[in-house]
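Student:
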Amino acid sequence: MSGSQQISLLRRSIFWLCILIAVAGVTYHYQENIFKEGFDSLTATNTPKDIPICNVKTNKKLVSLSFDADFGNEDIEKILSVLKKYDVKTTFFITGNWVEKYPEAVKKMQAAGHDLGNHSYHHKHMPELDAAGISDEINTVTEKVKELTGVTMNLFRPPYGDYSNTLLTQAKSLNYYAIQWNIDSQDWKNYGTDSIVSTILNHKDLKNGSIILMHNGAKYTAEALPKVIEGLKKKGYEIVPVSHLIYMDNFHIEPDGNQVQDTSQ
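Mapping of the sequence shown onto our numbering: position 262 corresponds to residue 260, and the numbering continues sequentially without gaps.
#1: Ignore the nearest five residues each way along the sequence and tell me which others in TRP96's own chain have a CB closer than 7 Å to its CB.
#2: With 16 as the cutoff for other CB atoms within 10 Å, does SER208 come out buried or exposed?
#3: Between the beta-carbon of ARG155 and the beta-carbon of GLY115, is there less than 9 Å?
#4: Determine, using beta carbons only, whether LYS55 and GLN259 come nearer to each other than 9 Å.
#5: Please report the distance separating the alpha-carbon of LEU63 from that of ALA130.
#6: Which class does SER176 belong to by DSSP, given the choice of helix, strand or coil?
#7: Assuming ILE244 and GLN257 are in contact, meaning their beta carbons sit under 8 Å apart, how far apart are those beta carbons, in whole angstroms?
#8: Give me, in chain order, the residues of the same chain whose beta-carbon lies closer than 7 Å to that of HIS213; leave out the 5 immediate sequence neighbours on both sides.
#9: Starting from the C-beta of HIS120, find all residues in its chain whose C-beta is less than 8 Å away, skip the five residues before and the five after it, and write them out in chain order.
#10: Find the nearest neighbour of VAL86 within the set ASP73, LYS202, ALA110, LYS105, judged by alpha-carbon distance.
#11: Which of the three DSSP states is assigned to GLU236 in this structure?
#12: In the DSSP output, what is GLY115 paired with across the bridge?
#13: Would you decide whether TYR174 is buried or exposed? Buried here means 16 or more other CB atoms lie within 10 Å of its CB.
#14: So if DSSP puts LEU153 in a beta bridge, which residue, or which two residues, is it bridged to?
The following block contains the structure:
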């Protein structure tokens, strides 16, 4: 190989070496960004999320029935009559719209000794709101119910069970305990009386401290209620309002929504 050929070969080798170095640099930078984005995403996903109270850790055979009241009033008299017959106190989570439409029903609930809980004013997906919007949704109901009954509510259930850290933080700042459930009766599916009764009484998560979700206005709820109460009592449970079930102070909430009292306090 002549000297000129060797120089030409050397130049080509240097050229391709530079190309490889440049490609390697771009690839590393790309992979580094991908890794960083993936790590940032993972970190965001694993950010601790606040949890509402779904059930309560207790050695006592206590459970709570709770009703969300957002639509309809046709069955409320029957529900109140059944609760009175069995001497059961429960918790009604009511929206502002419902309070405005049925003020006399709200008064009857309170007079009968049932809890009144806040279920927001418009029943929106509240995590979509900012802090000010959340406060408006909650405070409007608070004021209406206090004016109507003299009761200052302290229980709040997010509409649709949809919550976020901002929502729970804001509710707490307004002196509310956020309440979810660990047993959904699925009465809203309108599968019939037997379905509601079986779903509750045979639920794998039915235990001491359970909070059971039902709905005023669902088609078969009032009809199923006597069998639900009788079945729970037969299993040895005492049915109490949510305010009598939860701990009001010195507690923490585990990742599964179990409220646990802190005995070290």
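Positions of the beta carbon are idealized from the N, C-alpha and C atoms, including for glycine.
Tutor: Let me spell this out:
#1: ALA67, ASP68
#2: buried
#3: yes
#4: yes
#5: 31 Å
#6: At residue 176 the sequence reads Ala, which differs from the Ser that was named. Three-state DSSP puts ALA176 in a strand.
#7: 6 Å
#8: PHE65, ASP66, ASP185, TRP186, THR219
#9: THR93, GLY94, ASN95, GLU135
#10: ALA110
#11: strand
#12: Paired residues: PHE91.
#13: Burial check for TYR174: the Cβ neighbour count within 10 Å reaches 16 or more, so the residue is buried.
#14: Paired residue(s): TYR175.
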